[in-house]
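To keep things clear, I will list the structure first and then write my remarks on it.
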């Protein structure tokens, strides 16, 4: 019995099993958890982390890091609002915001791949630069939107599910496909496994890294727009600490920080575990301060489990 | 004869593999004992059992008549058994003295007594004949010197049994000589040295006895090297006679395929030129540091070349990076499989198709079925020993990893020039013969092949033509009819061929 339990928990799908058990436990013990409204709320609350985790997964899988995601999300949201106000067209606002996010990601990629600056340092720098720009541009205050149609991005629903949740689900599918079924995805893992061997095997490592960071920037742009729409303004202080949440979700989902190992399903589960923990604590009226504590403990436990698992396999 | 170190009925199983099966033998004090066998024959497992890294399922080890139980490497240290691993365990940024006393710094009230430590380490090093300043950072030492420091570490722990796993695999012949001298002194001090190496030539001049492993069993045990021959040992290792492991087959070379003119770069100052013809195996020989690998990396585009012109079948190679070299049909199997050959954490199959998949992935979309077929085909034709293509590459033996990397290039369509750097380093005899055979059949298909090796018998055994490199220059060339071991070796040695004592501290 103990052996069977060990096999299940430490097996390939161990995290999924734990997730299902935790979900069942929370459903039974926390009142109002398993209701349609709460479930939708839960999904909505993880949209930003979920979207950003898609590309963070690629970034980590290729042995890199991106700390600038939170800042890009905040500023992209502001750019969307400001550009919409200035041009009078929401479409133009969205395009400018996406272009902005993509540009920052591209700059990250070029500095890291071509100038060979450590990803941690580079994105730590852009994280502060972009946050600074956001604060300067808005004088530290929220930027309101003129056209109320902008709210519809977050409020509109299809088949009873809000648009942002759809966007997240679609990105999950897209990046799951990219990781497993495209040369791009496999090369990402190869770079993480052994960058020098990949280069000698004909993988254009520099180009790959630039692409990964550029995609990361684009995806942050999407997340920023949806976030601004949901909070009905561009906030220079939005999404602080997002980089750590996204990295946590990825690591929870079994993505190796040493590169070379990643799975979309794992990352989705990681995102949901963080979401459920927060959601359940909100429902139980636990003070928000405790949530940091719980998230930290969950992360430690997950890494510990992963460690035991890889040792078991050896 | 005393049996200082005795193994009795050692057995060890891994899932699906009987790694060691009823191994019993003993080694007397003051001898150098060699373990030989193909990769996976059980030598390394036995060393792991001896070092406490793994526990045996059955059997016992006794030292000096006392039964030992090694549940961890700590237990083995306590019994003064030290294993020097192939991957050196030194901290490059620390000095020799610090490395040797790591974890046991002499200190007064927590403050390290550096002067005392340096004096003491220096005296000990001089005592065992290592002439290295204890204040030198390890990062400034050559590989050979680092190997000595590892051995010195074992001596400083007052080891009774010292096991060396492939100590010479990355050493030049001169460096090896110095190491052998050191090992000889250890023998004179009454220590037992257990020695694992793939270089068969070393065994006769160095060892007092040897044990041959095959498939986890003890195939033969010799307490003296008298009357043993190389061929007999090889036969015991593989269980059959291998008369000529090179098995060179003559071919008619065609037109020049690869033409290299005046190539130089950061690590190769002097411009080098050579060519390789279709169906020809062009060997490059030189000592470690002679620039062989550096030249090949420049040709392939792994390192940036500053000058020079490269043409394949008369067409100039425009690109200077591996990707475009591959597209032009020029591929390289690099010297250090672990560092830049295999992609760790990925499966055997992924490692095979990593480059070739671009040919059958329309719009960058992978076709798993096609990839699986390709991988399986090469696993079968190259006889890569793996449970399946899904196996993690790191679990394969060195020989099989090398075959995977060759398969990576064979899966590419239109390879015209294949450069293999140290094709058989750390690979057992049986797998070597298979790799040579593969190279011949590729040459027969008209591929131009460059083989780089620091093993002269290998270069002479398989090449149609040899270029010799020394101190960054191509200094001589020989046709197969003119191959002569002494002349080639003499060409490879720098003029001042007497090793200089280390003097780096300033």
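Protein chains in written order, with this note's numbering: chain A, 1 to 314; chain B, 1 to 506.
We put the CB at the ideal spot given by N, CA and C, even for glycine.
For residue 25 of chain B, which residues of its own chain have a beta-carbon under 7 Å away from its beta-carbon, when the five flanking residues on both sides are left out?
7, 211, 218, 221, listed in sequence order.
Which partner residues of residue 307 of chain B appear in the DSSP bridge assignment?
Beta-bridge pairing links residue 307 of chain B to B/264.
Within 8 Å (strictly less), CB to CB, does residue 198 of chain A reach chain B?
Taking Cβ atoms only, chain B reaches closer than 8 Å to residue 198 of chain A, which makes this a yes.
Under 7 Å Cβ to Cβ from residue 223 of chain A, same chain only, skipping five residues before and after it: list those, please.
The answer, listed in chain order, is 48, 51, 52, 73.
Is the shortest distance between the beta-carbon of residue 307 of chain A and the beta-carbons of chain B less than 8 Å?
Judged by the 8 Å Cβ criterion, residue 307 of chain A is not in contact with chain B.
So which of B/312, B/207, B/175 has the shortest CA-CA distance to residue 184 of chain B?
Comparing Cα positions, the closest option is B/207.
Can you pull the chain A residues whose beta carbon is under 9 Å from the beta carbon of residue 354 of chain B, in chain order?
Correct list: 186, 187, 190, 197, 198, 201, 202, 203.
What does residue 217 of chain B pair with, by DSSP beta-bridge criteria?
Residue 217 of chain B pairs with B/214.
At 9 Å on the CB atoms, spell out the chain A contacts of residue 342 of chain B, in chain order.
Chain A residues near residue 342 of chain B: 193, 194, 197.
In or out: residue 87 of chain A buried (at least 16 other Cβ within 10 Å) or exposed?
The residue is exposed, with fewer than 16 neighbouring Cβ atoms inside 10 Å.
Output yes or no for whether 8 Å exceeds the beta carbon distance between residue 84 of chain A and residue 77 of chain A.
Going by C-beta atoms, residue 84 of chain A is not nearer than 8 Å to residue 77 of chain A.
Taking just the CA atoms, how far does residue 297 of chain A sit from residue 290 of chain A?
Distance between the alpha carbons of residue 290 of chain A and residue 297 of chain A is about 11 Å.
I want to know whether the stretch 412-422 of chain B touches the stretch 442-457 of chain B - three or more CB-CB distances under 8 Å.
The stretch 412-422 of chain B is in contact with the stretch 442-457 of chain B.
Could you check where the alpha helix (DSSP H) with residue 227 of chain A kicks off and where it finishes?
Element bounds for residue 227 of chain A: 205-230.
Going by beta carbon distance, what residues of the same chain come within less than 7 Å of residue 487 of chain B, once the five residues before and after it are set aside?
Within the same chain, residue 487 of chain B has no close Cβ partners at all.
At a CB-CB cut-off below 7 Å, which residues of chain A make contact with residue 339 of chain B?
In chain order: 196.
If we define contact as Cβ-Cβ less than 8 Å, is residue 504 of chain B a contact residue for chain A?
Low per-residue confidence applies at residue 504 of chain B: pLDDT is 42, beneath 50, and the placement is therefore not dependable enough to give any value.
Rounded to whole angstroms, what's the CA-CA distance from residue 140 of chain B to residue 215 of chain B? Just pull it up for me.
C-alpha separation (whole angstroms): 40 Å.
Determine, using beta carbons only, whether residue 364 of chain B comes closer than 8 Å to chain A.
Yes, contact with chain A.
With H, G and I counted as helix, E and B as strand and the rest as coil, what does DSSP make of residue 126 of chain A?
Correct three-state label for residue 126 of chain A: helix.
Starting from residue 476 of chain B, follow the beta strand (DSSP E) in both directions and report where the run begins and ends.
Per DSSP, residue 476 of chain B belongs to the beta strand (DSSP E) from 473-479.
Compute the Euclidean distance between the alpha carbons of residue 266 of chain A and residue 281 of chain B, then round it to the nearest angstrom.
The alpha-carbon atoms of residue 266 of chain A and residue 281 of chain B are separated by roughly 49 Å.
With a floor of 4 residues, list each alpha helix (DSSP H) that falls wholly inside the stretch 367-428 of chain B, ordered by position along the chain.
Within the stretch 367-428 of chain B, the complete alpha helix (DSSP H) runs of at least 4 residues are 368-381, 398-410.
Sort out for me which residues DSSP pairs residue 25 of chain B with in a bridge.
DSSP output for residue 25 of chain B lists B/7 as bridge partner(s).
Put residue 182 of chain A into one of helix, strand or coil per three-state DSSP.
Residue state, collapsed to three classes: strand.
Reducing DSSP to helix, strand and coil, say where residue 314 of chain A ends up.
In this prediction, residue 314 of chain A scores a pLDDT of 42, lower than 50, which makes its location untrustworthy; no coordinate-derived value is stated.
Please classify residue 69 of chain B: is it buried, with 16 or more other beta-carbons within 10 angstroms of its beta-carbon, or exposed?
Classification for residue 69 of chain B: exposed.
I'd like to check one pair, residue 204 of chain A with residue 304 of chain B: are the Cβ atoms closer than 8 Å?
No. Outside cutoff.
Excluding sequence positions up to five away, which residues of its chain have a Cβ less than 6 Å from the Cβ of residue 287 of chain B?
For residue 287 of chain B, where only same-chain residues beyond five positions count, the Cβ hits under 6 Å are 172, 492.
Quick check: what's the CA-CA separation for residue 81 of chain A versus residue 365 of chain B?
Near 37 Å, if we compare the C-alpha coordinates of residue 365 of chain B and residue 81 of chain A.
Can you name the residues that DSSP bridges to residue 95 of chain B?
Answer is B/137.
Within 8 Å of any Cβ in chain B, is that where the Cβ of residue 89 of chain A sits?
For residue 89 of chain A, the answer is no, since every Cβ of chain B falls outside 8 Å of its Cβ.
With a cut-off of 8 Å on the beta carbons, I'd call residue 144 of chain B and residue 88 of chain B a contact; round off their distance for me.
Contact doesn't hold; Cβ gap of about 11 Å is too wide.
So what does DSSP say about residue 333 of chain B, is it helix, strand or coil?
Looking at residue 333 of chain B - three-state DSSP - the assignment turns out to be strand.
Mind pulling the chain A residues with CB within less than 9 Å of residue 330 of chain B?
The premise fails here: residue 330 of chain B is roughly 11 Å from chain A at the closest Cβ pair, so nothing lies under 9 Å.
How about residue 138 of chain A and residue 241 of chain A: are their beta carbons less than 8 Å apart?
No, Cβ-Cβ distance for residue 138 of chain A and residue 241 of chain A is not below 8 Å.
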